[in-house]
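Numbering (the numbering used here), first residue to last: 216 to 294.
Single-structure report; data block below.
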Amino acid sequence: MFQHVANSAKSPYTLPSKYLRGKIVRIIPEKCKKCLTCIEVCPVRAISEKDGKVTIDKDECLGCGCCAASCPNAAIEYE
Ligand code: SF4
Ligand code: SF4
Numbered sequence: 216m217f218q219h220v221a222n223s224a225k226s227p228y229t230l231p232s233k234y235l236r237g238k239i240v241r242i243i244p245e246k247c248k249k250c251l252t253c254i255e256v257c258p259v260r261a262i263s264e265k266d267g268k269v270t271i272d273k274d275e276c277l278g279c280g281c282c283a284a285s286c287p288n289a290a291i292e293y294e
């Protein structure tokens, strides 16, 4: 998987400490305003909205942190 390559000791890239690849993210329902910005930015389309609820498919999520960084309501966090 991509995150394993990026986190390997041989990787030339330094990941931002705020967003650690490989961690599972979750959406805090009380904070989510359903703006759908996170759905647009997710590179693997792991986020979807159904029945008025925005959820993350943990099997598809890469832990890149794009969704958390883009959420205007700080409604996405790492578990
Ligand atoms: S970007 Fe944040 S507020 Fe907007 S739908 Fe996603 S989790 Fe909810
Ligand atoms: S962390 Fe990255 S891959 Fe996972 S849901 Fe957010 S944007 Fe998509």
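All C-beta atoms in this analysis are idealised placements derived from N, C-alpha and C, irrespective of residue type, glycine included.
Enclosing alpha helix (DSSP H) for residue i [first to last residue]
i    : result
E167 : No answer is possible for residue 167: it lies beyond the span of the chain, which begins at 216 and ends at 294.
C282 : C281 to S285
Identified DSSP bridge partners for residue i
i    : result
E292 : R241
E275 : Its beta-bridge partners do not exist; DSSP assigns none.
Residue i Cβ short of 7 Å to ligand 4 heavy atom set
i    : result
P258 : Summarising the ligand content, the structure contains ligand 1 and ligand 2 and does not contain ligand 4.
Endpoints, beta strand (DSSP E) assigned at residue i
i    : result
K268 : K268 to I271
K249 : Neither: K249 is in no beta strand (DSSP E) and is coded neither H nor E.
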